[in-house]
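**Student:** In this note's numbering, the protein residues as written are 1191 to 1522. Virtual Cβ for every residue (Gly too), placed ideally from N, Cα, C. Sending over a structure as structure tokens; questions will come in a sec.
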């Protein structure tokens, strides 16, 4: 009997909970959120297999937990990851904050010593984008460059995180070395799958460290994103944040024989739905409910390092999240 602790049930977390509730092999879901009404609403939706619990960073994990799904606001996930490592429990987190992902990667030695798998960046991008990059890499003899772009936010916390990313100096991999970009880049027009279409994006640093760890031989890795429109928390309360369209585009350059070629993938859908599905499936992987999609090893990594790309994407498609080869114009 497998038990999952789900912490954070905003737009993305609630959808991750629904995915876990529909997964054979996940028998019990403990739901925790800073807002008791949200946790109770999800418990009612999930029915008999769910119950609400209280958890804070000052408490150990509840007994009997086999894996943790963390959908807390970016930065708040670090204490939960530390608690999971100390408890010897694997964890998947959806945070996309540049600083918090870097902090998680610095916990790699502790995770290895405890034998705990930490899957970081399990959302739209990083997350789904990493799996698409891994799938593209299977079509190439070698990978030279990876360029990721994303559009869309899942709710007010996601918007705040994305705004912080746009205000920070981004990082990118140049010449195989991860480095901070000294000046802000100009906006670049990126073509996403419809209905998102063409959007102006600028460099951010989210998930670069995860891709660099998964593809250490890549000469260049970048991440770009659309800066979100300014919306109040009240706007998200009046409008379903899960209705916001999002997309990712992944462009991988490499070689087949002596020819240098690109492979371009795209995915589009409701931002929270896509991110929630990725987090839900990643957590199901940790409890062994979907063994065909991969196996997580101790340490901190992104999804590209532990999944079978085609099987992971097939599982997402079964849950309503599809990706396709995007016959667009290369931007690298």
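1. So what does residue 1377 bridge to, in DSSP terms?
2. For the pair the region 1303-1310 and the region 1401-1416, tell me if three or more CB-CB distances fall below 8 Å.
3. Does the region 1459-1478 come within contact of the region 1322-1335, defined as at least 3 CB pairs closer than 8 Å?
4. Could you tell me which residues DSSP puts in a beta bridge with residue 1456?
5. Using the Cα positions of residue 1206 and residue 1448, report the straight-line distance between them to the nearest angstrom.
6. Are the CB atoms of residue 1301 and residue 1336 within a distance shorter than 8 Å?
7. If we ignore side chains and look at the alpha-carbon of each, how far apart do residue 1281 and residue 1461 end up?
8. Return the first residue and the last residue of the beta strand (DSSP E) that residue 1401 is part of.
9. Please confirm whether residue 1437 and residue 1382 have their CB atoms less than 8 Å apart.
10. Taking only runs of the beta strand (DSSP E) that begin and end inside the region 1317-1383, which ones reach a length of at least 3 residues, in chain order?
11. Rounded to the nearest angstrom, what separates residue 1403 and residue 1499 at their Cα positions?
12. Given a threshold of 16 other Cβ atoms within 10 Å of its Cβ, counted over all protein chains shown, does residue 1481 qualify as buried or as exposed?
13. Is DSSP giving residue 1242 helix, strand or coil here?
14. DSSP has residue 1389 in a bridge; who is on the other side?
15. Determine whether the beta carbon atoms of residue 1214 and residue 1479 lie at a separation below 8 Å.
16. Rounded to whole angstroms, what's the CA-CA distance from residue 1244 to residue 1197? Just pull it up for me.
17. When the Cα atoms are used, what is the spatial distance from residue 1265 to residue 1514?
18. Where residue 1425 and residue 1350 are concerned, what is the direct C-alpha to C-alpha distance, given to the nearest angstrom?
19. Report the rounded CA-to-CA distance for residue 1451 versus residue 1407, giving the unit in angstroms.
20. Closer than 8 Å, CB to CB, is residue 1294 near chain C or not?
21. Are there three or more Cβ pairs, one per stretch, closer than 8 Å when the region 1485-1493 is compared with the region 1281-1299?
22. Between the Cα of residue 1344 and those of 1218, 1435, 1233, spot the shortest distance and give me the residue it belongs to.
23. What first and last residue would you give for the beta strand (DSSP E) that runs through residue 1464?
24. Identify which residue in 1254, 1210, 1319, 1486 has its Cα closest to the Cα of residue 1233.
25. If I follow the unbroken beta strand (DSSP E) through residue 1491, where does it start and stop?
26. Among the candidates 1299, 1242, 1295, 1489, whose CA atom is the shortest distance from the CA of residue 1227?
27. In angstroms with no decimal places, state the Cα-to-Cα distance between residue 1261 and residue 1203.
28. By the DSSP assignment, the alpha helix (DSSP H) with residue 1281 in it spans what residues?
29. Residue range of the beta strand (DSSP E) that residue 1193 falls in?
30. Using a 10 Å radius around the Cβ and a threshold of 16 neighbouring Cβ atoms, would you call residue 1399 buried or exposed?
31. Provide the residue(s) that pair with residue 1308 in DSSP beta bridges, ordered along the chain.
**Tutor:** Let me spell this out:
1. Note: residue 1377 is not bridge-paired with any residue in the DSSP secondary-structure output.
2. no
3. no
4. Beta bridge pairing from DSSP links residue 1456 with 1439, 1514.
5. 43 Å
6. no
7. 22 Å
8. Premise fails: residue 1401 lies in the alpha helix (DSSP H), 1398-1404, not in any beta strand (DSSP E).
9. At a Cβ-Cβ threshold of 8 Å, residue 1437 and residue 1382 count as neighbours.
10. 1332-1341, 1361-1364, 1367-1370, 1378-1381
11. Approximately 16 Å between the Cα atoms of the pair.
12. exposed
13. It is a strand residue.
14. 1380
15. Taking C-beta atoms as the reference points, residue 1214 and residue 1479 count as a pair closer than 8 Å.
16. 9 Å
17. 32 Å
18. Reliability of the predicted coordinates at residue 1425 is poor, the pLDDT of 45 falling under 50, and the value obtained from them is presented with this limitation in mind. Rounded to the nearest angstrom, the two C-alpha atoms are 14 Å apart.
19. 17 Å
20. Chain labels in this structure do not include chain C; a single protein chain is all it has.
21. yes
22. Of 1218, 1435, 1233, the residue nearest in Cα terms is 1435.
23. Per DSSP, residue 1464 belongs to no beta strand (DSSP E); it is in the alpha helix (DSSP H), 1461-1476.
24. 1210
25. 1489-1491
26. 1242
27. 5 Å
28. No alpha helix (DSSP H) holds residue 1281; the beta strand (DSSP E) holding it covers 1281-1283.
29. 1193-1197
30. With at least 16 other beta carbons inside 10 angstroms of its own, residue 1399 counts as buried.
31. 1281, 1490
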